[in-house]
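Our numbering runs 3 ahead of the 1-based position in the sequence shown.
Even for Gly, the Cβ is constructed at its ideal location relative to N, Cα and C.
First the structure, in the form of structure tokens, and then the observations on it.
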Amino acid sequence: MASSLKNLSDHDPAAIPDGTQLRVGIVVAEWNEAVTASLLEGALKTLKRYGVKEDQIHIRTVPGTFELTYGARFIANQYSPDVVICLGCVIQGETRHFDFICQGVTEGITRLNLDYEIPFIFGVLTTETLQQAVDRSGGKYGNKGDEAAVTALKMAALRKGPSKS
Ligand code: DLZ
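So this is what it looks like as structure tokens:
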């Protein structure tokens with residue numbers, strides 16, 4: 004479903020696993036910083052809402068979205084988290100750089116998911132314009148940072164234990 008048809012922050016609170024026992028890593032790209040700062044804000048708000056303790060959240064920044072793969076692997080090795088959230092924003096420019104960054108980070112995060120026992124969450128906006136990114140990072144279509152945090156809680160719960168029902 005196109006995200007313009009869905010608010011990225013919509014979720015059923017009753018369906019979100021408790022995060023009080025979790026340790027969470029977050030890696031954030033500095034490119035398009037206003038957008039990625041909002042993604043981080045959304046992710047933190049949601050993690051805390053579901054019980055993740057502030058001192059159990061480890062945040063590191065990397066220069067760009069392409070570096071998220073290395074940053075996520077570093078966090079996984081350094082802090083032994085239950086899950087790592089990767090936040091970035093790639094905006095289409097005039098050259099094909101967009102395609103290579105998107106392909107690189109998608110393949111990199113996919114590989115981390117296959118190589119490590121913990122989940123790595125793809126919280127990367129890939130948009131044609133800055134406005135589309137703003138709309139999805141705390142704007143009219145919600146915040147992909149919230150969505151990434153909800154996904155992280157569900158994936159960490161999948162690995163850690165039985166479901167609520
Ligand atoms: C070089 C570049 C460009 C053109 N655009 C973006 C972008 O829209 N979003 C982003 O996160 N990073 C961008 N980068 C930087 C690359 O991710 C990377 O940091 C550099 O290619 C150095 O490896």
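Paired residues, beta bridge with residue i - DSSP
{"i": "asparagine 146", "result": "Ser140"}
{"i": "valine 30", "result": "Arg63, Cys89"}
Start and end residues, beta strand (DSSP E) containing residue i
{"i": "arginine 63", "result": "60-65"}
{"i": "valine 55", "result": "Valine 55 -> no beta strand (DSSP E), and no H or E assigned at all."}
{"i": "leucine 90", "result": "86-94"}
Residue i - containing alpha helix (DSSP H), residue span
{"i": "threonine 130", "result": "It is not in any alpha helix (DSSP H) - threonine 130 instead sits in the beta strand (DSSP E) that spans 123-130."}
{"i": "alanine 17", "result": "Looking at the DSSP string, alanine 17 is not in any alpha helix (DSSP H), and its letter there is neither H nor E."}
{"i": "glutamine 81", "result": "71-82"}
{"i": "leucine 115", "result": "100-118"}
Short Cβ contact (8 Å threshold) for residue i with residue j
{"i": "isoleucine 94", "j": "alanine 136", "result": "yes"}
{"i": "arginine 26", "j": "aspartate 85", "result": "yes"}
{"i": "valine 153", "j": "threonine 39", "result": "no"}
{"i": "serine 30", "j": "arginine 63", "result": "Correcting the residue identity first, residue 30 is valine in this sequence and not serine. Their beta carbons are under 8 Å apart, which means valine 30 touches arginine 63 by this criterion."}
{"i": "leucine 126", "j": "leucine 90", "result": "For the sequence presented, residue 126 should be read as glycine rather than leucine. Their beta carbons are under 8 Å apart, which means glycine 126 touches leucine 90 by this criterion."}
Interface flag, residue i vs chain C, CB-CB below 8 Å
{"i": "aspartate 13", "result": "The structure shown contains no chain C; it holds only a single protein chain."}
Under 6 Å, CB to nearest heavy atom of the ligand DLZ: contacting residues: Residues close to the ligand DLZ by the beta carbon criterion (under 6 Å to any non-hydrogen atom) are, from first to last along the chain, Ala32, Trp34, Asn35, Pro66, Gly67, Thr68, Phe69, Glu70, Gly91, Cys92, Val93, Ile94, Gly96, His100, Ile104.
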